[in-house]
Amino acid sequence: MASIRFIYNHSPGKLEEFITKLQSVGTPDKITTGYPKSIGFGSSHARSFPAVLKYAGLLDSSGQPTEAYKKGLRAGPAGRALVAKALMLSYKPIFDTYSDANSHSDSDLVTFVKSHSDLDEEKAALVVRTFKTLCKFGDFSGAQPTVSNDSESSSRDPEDSASGEKHQRRQSENSNSSGAVVINVNIALSVDATSDAAVYDAFFAAMAKHLKDLMNGGS
Numbered sequence: 001m002a003s004i005r006f007i008y009n010h011s012p013g014k015l016e017e018f019i020t021k022l023q024s025v026g027t028p029d030k031i032t033t034g035y036p037k038s039i040g041f042g043s044s045h046a047r048s049f050p051a052v053l054k055y056a057g058l059l060d061s062s063g064q065p066t067e068a069y070k071k072g073l074r075a076g077p078a079g080r081a082l083v084a085k086a087l088m089l090s091y092k093p094i095f096d097t098y099s100d101a102n103s104h105s106d107s108d109l110v111t112f113v114k115s116h117s118d119l120d121e122e123k124a125a126l127v128v129r130t131f132k133t134l135c136k137f138g139d140f141s142g143a144q145p146t147v148s149n150d151s152e153s154s155s156r157d158p159e160d161s162a163s164g165e166k167h168q169r170r171q172s173e174n175s176n177s178s179g180a181v182v183i184n185v186n187i188a189l190s191v192d193a194t195s196d197a198a199v200y201d202a203f204f205a206a207m208a209k210h211l212k213d214l215m216n217g218g219s
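Just so we're aligned, residue 1 is where the sequence shown starts under full-length UniProt numbering, counting upward by one.
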């Protein structure tokens, strides 16, 4: 089985504080290993925060903020879906197995990490804690793919679509030529099952009479 490179930090709690702080300070041109110290995070573990952000897709390989950082992380609630999409791409193997990985049980995720890497239990748990920390900044419900009307239309049978378009054009032409509004009324009626044909004859005769009255304006 191919090994996957995962990333983890020994201080997930401080990582969360750091990312929260990034939402309130100005966006730097680059975030390097020394940047965390400049905004109050001077521990040795904080030096690896930028590497975590690169892995998550919030920074590019040179440390420059990506769109997911600028329009996602920095955009408040409106940008959380963009952060989620970046994480779903960065952690694709996990999401391919657990579509709800952001809220899935830690034990299952730890097992997945261990089975796809050479990390031991402790480090695999840190991978999951780091991942779950990042997930707190994403809105995964908004990042889920949805079927749009365009997609639904393209999946319909071409003949059905063409027929529908012709029907719409006929309605439009009728409306434009007469100046009247076309109204379609669907009526659902039911009759108790019976073997007496006279019942059905009387029913349809009565229905025809009332429909004729409606078409004549009730006269």
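All residues carry an ideal CB built from backbone N, CA and C; glycine is no exception.
- The beta-carbon separation of Tyr91 and Phe131, rounded to 6 Å, stays under the 8 Å limit for a contact.
- According to the DSSP secondary-structure assignment, Leu59 is paired through a beta bridge with Pro65.
- Here Thr33 is exposed. Its C-beta has fewer than 16 other C-beta atoms within 10 Å.
- Of the residues Ala208, Ser107 and Thr27, the one whose Cα lies closest to the Cα of Leu126 is Ser107.
- Put simply, the region 45–59 touches the region 6–16. At least three CB pairs are less than 8 Å apart.
- By the neighbour-count criterion, in which a residue is buried when 16 or more other Cβ atoms sit within 10 angstroms of its Cβ, Ala56 is buried.
- Under the three-state reduction of DSSP, Arg5 is assigned to coil, being neither helix nor strand.
- Phe6 places its beta carbon 8 Å or farther from that of Val83.
- In the three-state reduction of the DSSP assignment, Lys92 falls in the helix class, which pools H, G and I.
- The shortest CA-to-CA distance from Gln64 to any of Phe95, Tyr35, Ala206 and Leu15 is the one to Tyr35.
- The C-alpha of Leu15 lies about 25 Å from the C-alpha of Ser115.
- Its chain contains Cys135 and Phe140 as the residues whose beta carbon lies nearer than 6 Å to that of Asn102, once the 5 sequence neighbours on both sides are disregarded; these appear in chain order.
- Of the residues Leu22, Ala51 and Lys123, the one whose Cα lies closest to the Cα of Lys70 is Leu22.
- Per DSSP, reduced to three states, the secondary structure at Pro12 is helical.
- With contacts defined by Cβ atoms closer than 8 Å, Arg80 and Phe137 form a contacting pair.
- In its chain, beyond the 5 residues on either side, Gly57, Leu58, Leu82, Val83 and Ala86 have a beta carbon closer than 7 Å to the beta carbon of Ala68.
- Ile31 is the residue among Ile31, Gly40, Gly72 and Thr20 whose C-alpha sits nearest the C-alpha of Ser61.
- A buried status is given to Met88, since no fewer than 16 other beta-carbon atoms sit within 10 Å of its beta-carbon.
- Non-local beta-carbon contacts of Leu53 in its own chain, meaning distances under 6 Å to residues more than five positions away in sequence, involve Leu59 in chain order.
- A straight-line Cα-Cα distance of about 58 Å links Ser99 and Ala205.
- Here Glu121 has no same chain residue with a Cβ atom under 6 Å from its own Cβ, once five neighbours each way along the sequence are excluded.
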